[in-house]
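There are 2 protein chains.
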Amino acid sequence: MSENRALKTVNLSVIKTACSNCNLRELCLPLGLNSLEMAKLEEIVSNRKRVKRGDLLYRAGEPFEALYAIRSGFFKTDVIMEDGRDQVTGFQMSGELLGLDGISNENHSCNAIALEDSEVCLIPFDHLERLSRQVPTLQNHFHKVMSREIVRDHGVMMLLGTMRAEERLAAFLLNLSQRFVARGYSPAEFYLRMTREEIGSYLGLKLETVSRSFSKFQEEGLIAVQQKHIRILDIPGLKRLMNHGQG
Amino acid sequence: MSENRALKTVNLSVIKTACSNCNLRELCLPLGLNSLEMAKLEEIVSNRKRVKRGDLLYRAGEPFEALYAIRSGFFKTDVIMEDGRDQVTGFQMSGELLGLDGISNENHSCNAIALEDSEVCLIPFDHLERLSRQVPTLQNHFHKVMSREIVRDHGVMMLLGTMRAEERLAAFLLNLSQRFVARGYSPAEFYLRMTREEIGSYLGLKLETVSRSFSKFQEEGLIAVQQKHIRILDIPGLKRLMNHGQG
DNA sequence: CGACCTTTTGAACGTATTCAACCGATGTGG
DNA sequence: CCACATCGGTTGAATACGTTCAAAAGGTCG
Chain U
1 MSENRALKTV
11 NLSVIKTACS
21 NCNLRELCLP
31 LGLNSLEMAK
41 LEEIVSNRKR
51 VKRGDLLYRA
61 GEPFEALYAI
71 RSGFFKTDVI
81 MEDGRDQVTG
91 FQMSGELLGL
101 DGISNENHSC
111 NAIALEDSEV
121 CLIPFDHLER
131 LSRQVPTLQN
141 HFHKVMSREI
151 VRDHGVMMLL
161 GTMRAEERLA
171 AFLLNLSQRF
181 VARGYSPAEF
191 YLRMTREEIG
201 SYLGLKLETV
211 SRSFSKFQEE
221 GLIAVQQKHI
231 RILDIPGLKR
241 LMNHGQG
Chain W
1 MSENRALKTV
11 NLSVIKTACS
21 NCNLRELCLP
31 LGLNSLEMAK
41 LEEIVSNRKR
51 VKRGDLLYRA
61 GEPFEALYAI
71 RSGFFKTDVI
81 MEDGRDQVTG
91 FQMSGELLGL
101 DGISNENHSC
111 NAIALEDSEV
121 CLIPFDHLER
131 LSRQVPTLQN
141 HFHKVMSREI
151 VRDHGVMMLL
161 GTMRAEERLA
171 AFLLNLSQRF
181 VARGYSPAEF
191 YLRMTREEIG
201 SYLGLKLETV
211 SRSFSKFQEE
221 GLIAVQQKHI
231 RILDIPGLKR
241 LMNHGQG
């Protein structure tokens, strides 16, 4: 009732972030909140921010103040060692939260870089903590989001620690596929937003190995690949490949 | 009161968990709490549990109900794939929290196994959430603990994704050393609680490679190793080795 | 004390990397 | 709008690193 949802000539740029209208609310922080609770969350999700392709949303070492919910676009996070080597720690897409690494010591510990023009919702962390003390549903869901990140990381460790090159790539493609499905896109056809080198960094492989593995998958009829455009032709085949590691 | 564990002469086993007396309180969940807050925490840290060497504290798939603070002892966590391959995701020592992985979907996603006779404090998770709604310091600290786990995992990804065998082992030894120091033990001399195979699983290497790398370090005068007994002779040397990856 | 598990070490092997050349796509400035 | 420069991707051949297989020695625990 006393909701926004304007009449006529309300300038688009004035429309505040409205989680309740966001089609990502089932993937994002508002999951499970009732409309009253959602309204409270909207109050603290203060602003949106645009990040152009190639730009950093935040940088390792910067003070941590807010989490970011990806409204649209695609990001990578990476960590860089003193000697220059870097490791991509994840690829994030719409509805996912960026910045959780910064809570630990109030400084970001990785870089977040937009792989395409993107838009994020700012969630000042002190506000989020305050609100989640009042809204148990939000509190619990936030804890689950953090925990899910830990579980995801364990999956990456498994991938890096025990899988061969082609298994890693298969796992990577299947994971992307799943996440696209959850967003209403095709599970079988998508554009990669990242380069072979970035995929390689994430998977602990060199870009040449990634490229060779793509070619091999194509030869075997598992996928059709043309640069960044991927069509998965045989999902069960990829799954089989993934779980038949060392024979 | 209606508790088990009979009375008689103030039996030692009756003494309740008392965070305020625990010498791990500066490493563990109570960090930063005042005495009133600590008292509240003690109320919910209900019981202790002994876990014998080789026994599982929890198992992947089991329903998640509580976190566990390690009071004494040493654990590993691992994840097992359908095809039997397994990945050690971490080694945990006193003052560290086990079970964070279970929050995400209310089921544990890894196994926690005691590598020596150990004792843990049970922290029922619903109680913890309730209390952390009342105690902002606790809430914030808990968030930091979870975030720290995420940052740690990123470090492991870096290790698995970009480091060579010897660098990984050096990083592993230096990490253990640091953690022992934080607990008042020697940074340079300690017993490994895990086998070469478990180290290898954690580091994404085979046990033979771990063994060979230990021998190499010994030849180079970096460490003295005798089975599970380690003496680090040249910490700066190990650090150098770790950061001079690909030349 | 004997059985078993862990660790060490050697030699052959295999997978991913490195180095290099080439091709195609993309984007910018004249 | 085209030409050119740059970046990203593919593919081949040689190499290197860690793995695999194997044997034996050293510890540990019933």
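Going down the list, the protein sequences come from chains U and W. Residue numbers for the first sequence follow our numbering, beginning at 1 and rising by one. Residue numbers for the second sequence follow our numbering, beginning at 1 and rising by one. Note that the Cβ used here is the ideal one computed from N, Cα and C, for glycine as well.
| Check | Outcome |
| --- | --- |
| For residue 28/U, the nearest candidate out of 95/U, 51/U and 211/U (CA to CA) | 95/U |
| Positions along the stretch 150 to 182 of chain U whose CB lies within less than 7 Å of some CB in chain W | 150, 151, 153, 154, 156, 157, 158, 160, 161 and 162 |
| Cβ neighbours of residue 20/W in the same chain (closer than 6 Å, five flanking residues each side left out) | 38 |
| Per-residue contacts from residue 221/W into chain U (C-beta, under 7 Å) | Result: empty, since nearest Cβ-Cβ is about 23 Å, beyond 7 Å. |
| Proximal chain W residues relative to residue 100/U, where beta-carbon distance stays under 7 Å | 147 and 150 |
| Burial state of residue 166/U (16 or more Cβ within 10 Å) | buried |
| Cβ shell of residue 59/U (< 7 Å), same chain only, five flanking positions each side left out | 108 and 111 |
| Contact between the stretch 67 to 86 of chain U and the stretch 180 to 188 of chain U (3+ Cβ pairs under 8 Å) | no |
| Minimum Cβ-Cβ distance from residue 109/W to chain U less than 8 Å | yes |
| is_contact[residue 211/U, chain W] using C-beta, thresh 8 Å | no |
| Proximity below 8 Å, CB of residue 68/W to CB of residue 120/W | yes |
| At least 3 beta-carbon pairs within less than 8 Å: the stretch 188 to 198 of chain U vs the stretch 222 to 230 of chain U | yes |
| Near-chain U residues of the stretch 78 to 94 of chain W (beta-carbon distance less than 7 Å), N- to C-terminal order | 79, 81, 82, 83, 85, 87 and 89 |
| Own chain, CB closer than 6 Å to residue 101/U, minus 5 neighbours either side, in chain order | 109 and 110 |
| Option in 52/W, 148/W and 33/W with minimal Cα separation from residue 134/W | 33/W |
| Short Cβ contact (8 Å threshold) for residue 153/U with residue 150/W | yes |
| Three-state secondary structure (DSSP) of residue 236/U | helix |
| Any chain W beta carbon closer than 8 Å to residue 123/U | no |
| 8 Å CB neighbourhood of residue 139/U in its chain, flanking five on each side removed | 132 and 133 |
| Sub-8 Å separation of residue 196/U and residue 211/U beta-carbons | yes |
| Assigned secondary structure, residue 152/W (DSSP; H/G/I helix, E/B strand, else coil) | helix |
| Euclidean distance between Cα positions of residue 161/W and residue 115/W | 27 Å |
| Sequence-distant residues of the same chain with beta carbon closer than 8 Å to residue 201/U, five excluded per side | 78, 86, 87 and 88 |
| For residue 41/W, the three-state DSSP class (helix, strand or coil) | helix |
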